[in-house]
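These notes are about the structure you will find just below.
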Ligand code: SF4
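Residue numbers (the numbering used here): 3 to 387.
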């Protein structure tokens, strides 16, 4: 694959990092428990004071799904790629990412050499990213190779670990976001005959189908079964191999939710995130990434009614901001990203006050080899958009 080799040369990996993290900065001896006792009334004031004292040394990032009490302190809000890019450009020494683990890893891949990325709670993971373990993906790759010359290009969603991003970079693939998935998948088909799409089955299927690939040319790879639960013949027939992973928030939306909205709110538009199931995406009026949903709903006429299929904090904020629109969640029950919800104002205060004392707690460090290959994969994507 000469073009890939050439592309790999053009996209020279970044130089090794130079920031030194002393022993104290690994969280040892920095007691979080006393922050659990800080009364809510003083949290806002103390966080504000810490942000002011740290000044341009710190940049706080707030993902769209973050809770209100935290996101209000963010200098930038947005999706994970946009936030990582803004943080790298901001020049602040400390990047406090109020999101989940893979987002902080992405920020670490894109950061400048002098910057340190901090995740306020290391327990803030992502159920989807955790569904594709690097060992499982390597086994999958080896099993696909054993089937014969399949010419597979691996592509992974931003919502994956740095190890998986690095795997795609090292194997001639790329990364996708929910807004550029079709463009990157089209690019992948100019490089190979098949695509291995990681780790979100639904985003992969929704994207491929909208590109005109029929469902019977897609197979699902279950990492807990031999050959992913497929026959060799089915794999040879497939154009897209979908990793069996999903977002626990977006998979909650069901076709009957759309039916209920149609029955109870005639004229209401339904817009859903492409991480939703195929059947839901098919019934919706529109599909959009988080940024796409915000743009579509914001630009719609003021009296438009929307049922939105994405995380509840984003839906509630849109409903509050666009008070002349009628906005509800597609799911009548709360659809919260419970892992992102782990980041509390107490965690944010703990991180900031430790920075004031010269301690960096919860730094996120992607191993250098992974960082370089993940950067190659990210750069490939960014050249396409
Ligand atoms: S909303 Fe879903 S994909 Fe996004 S961080 Fe939460 S669990 Fe992960």
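Heads up, the beta-carbon is just placed ideally off N, CA and C, and yes, glycines get one too.
CB of residue i within 8 angstroms of CB of residue j, strictly
i, j, result
"residue 272", "residue 261", "no"
"residue 200", "residue 159", "yes"
"residue 139", "residue 193", "no"
"residue 38", "residue 348", "yes"
"residue 62", "residue 77", "yes"
"residue 104", "residue 350", "no"
"residue 209", "residue 184", "yes"
"residue 153", "residue 128", "no"
"residue 352", "residue 362", "no"
"residue 99", "residue 207", "no"
DSSP three-state assignment for residue i, whether helix, strand or coil
i, result
"residue 284", "helix"
"residue 21", "With a pLDDT of 40 at residue 21, under the threshold of 50, the modelled position of this residue cannot be trusted, and the question is left open."
"residue 79", "strand"
"residue 16", "Because residue 16 carries a pLDDT of 37, less than 50, the predicted location of this residue cannot be relied on, and no value is offered for it."
"residue 381", "helix"
"residue 342", "helix"
"residue 72", "helix"
"residue 169", "helix"
"residue 188", "helix"
"residue 97", "strand"
"residue 126", "coil"
"residue 35", "helix"
"residue 49", "helix"
"residue 270", "coil"
"residue 30", "Residue placement at residue 30 is flagged as unreliable, the pLDDT there being 43, under the threshold of 50; the coordinate-derived value follows with that caveat. It is coil, neither helix nor strand."
"residue 295", "helix"
"residue 237", "helix"
Near the ligand SF4: residue i beta-carbon under 7 angstroms from a heavy atom
i, result
"residue 96", "no"
"residue 341", "yes"
"residue 161", "yes"
"residue 130", "yes"
"residue 203", "no"
"residue 1", "Residue 1 lies beyond the residue range present for the chain, which begins at 3 and ends at 387; the question has no answer from this structure."
"residue 100", "no"
"residue 277", "yes"
"residue 103", "no"
"residue 378", "no"
"residue 396", "For residue 396 there is no data in the structure shown, the boundaries of the chain being 3 and 387."
"residue 412", "No answer is possible for residue 412: the residues shown for the chain start at 3 and end at 387."
"residue 249", "yes"
"residue 67", "yes"
"residue 335", "no"
"residue 252", "yes"
Beta-bridge partners of residue i, as assigned by DSSP
i, result
"residue 197", "155 and 242"
"residue 65", "80"
"residue 253", "In DSSP, residue 253 forms no bridge with anything."
"residue 133", "Per DSSP, none; premise fails for residue 133."
"residue 331", "310"
"residue 369", "BP columns for residue 369 are empty, so no partner."
"residue 317", "Paired residue(s): none; residue 317 is not in a bridge."
"residue 220", "242"
"residue 2", "No answer is possible for residue 2: it lies beyond the span of the chain, which begins at 3 and ends at 387."
"residue 289", "274"
Minimum Cβ-Cβ distance from residue i to chain C less than 8 angstroms
i, result
"residue 233", "In summary, chain C is missing from the structure at hand, where a single protein chain is found."
heavy atom of the ligand ZN below 7 angstroms from residue i C-beta
i, result
"residue 315", "What this structure holds is the ligand SF4, not the ligand ZN."
Does the region 369 to 382 come within contact of the region 166 to 173, defined as at least 3 CB pairs closer than 8 angstroms? yes
Taking 8 angstroms as the cut-off, does the region 369 to 378 touch the region 288 to 303 (at least 3 CB pairs, one atom from each stretch)? no
Report yes or no: do the region 76 to 85 and the region 97 to 110 share at least 3 C-beta pairs separated by less than 8 angstroms? yes
For the structure I just gave you, are there three or more beta carbon pairs, one from the region 310 to 317 and one from the region 58 to 76, closer than 8 angstroms? yes
Three or more C-beta pairs closer than 8 angstroms, one from the region 251 to 271 and one from the region 175 to 183: is that the case here? no
Examine the Cβ distances between the region 296 to 312 and the region 323 to 342 and report whether three or more of them are shorter than 8 angstroms. yes
Give a yes or no on contact between the region 48 to 63 and the region 296 to 304, applying the rule of three or more CB pairs nearer than 8 angstroms. no
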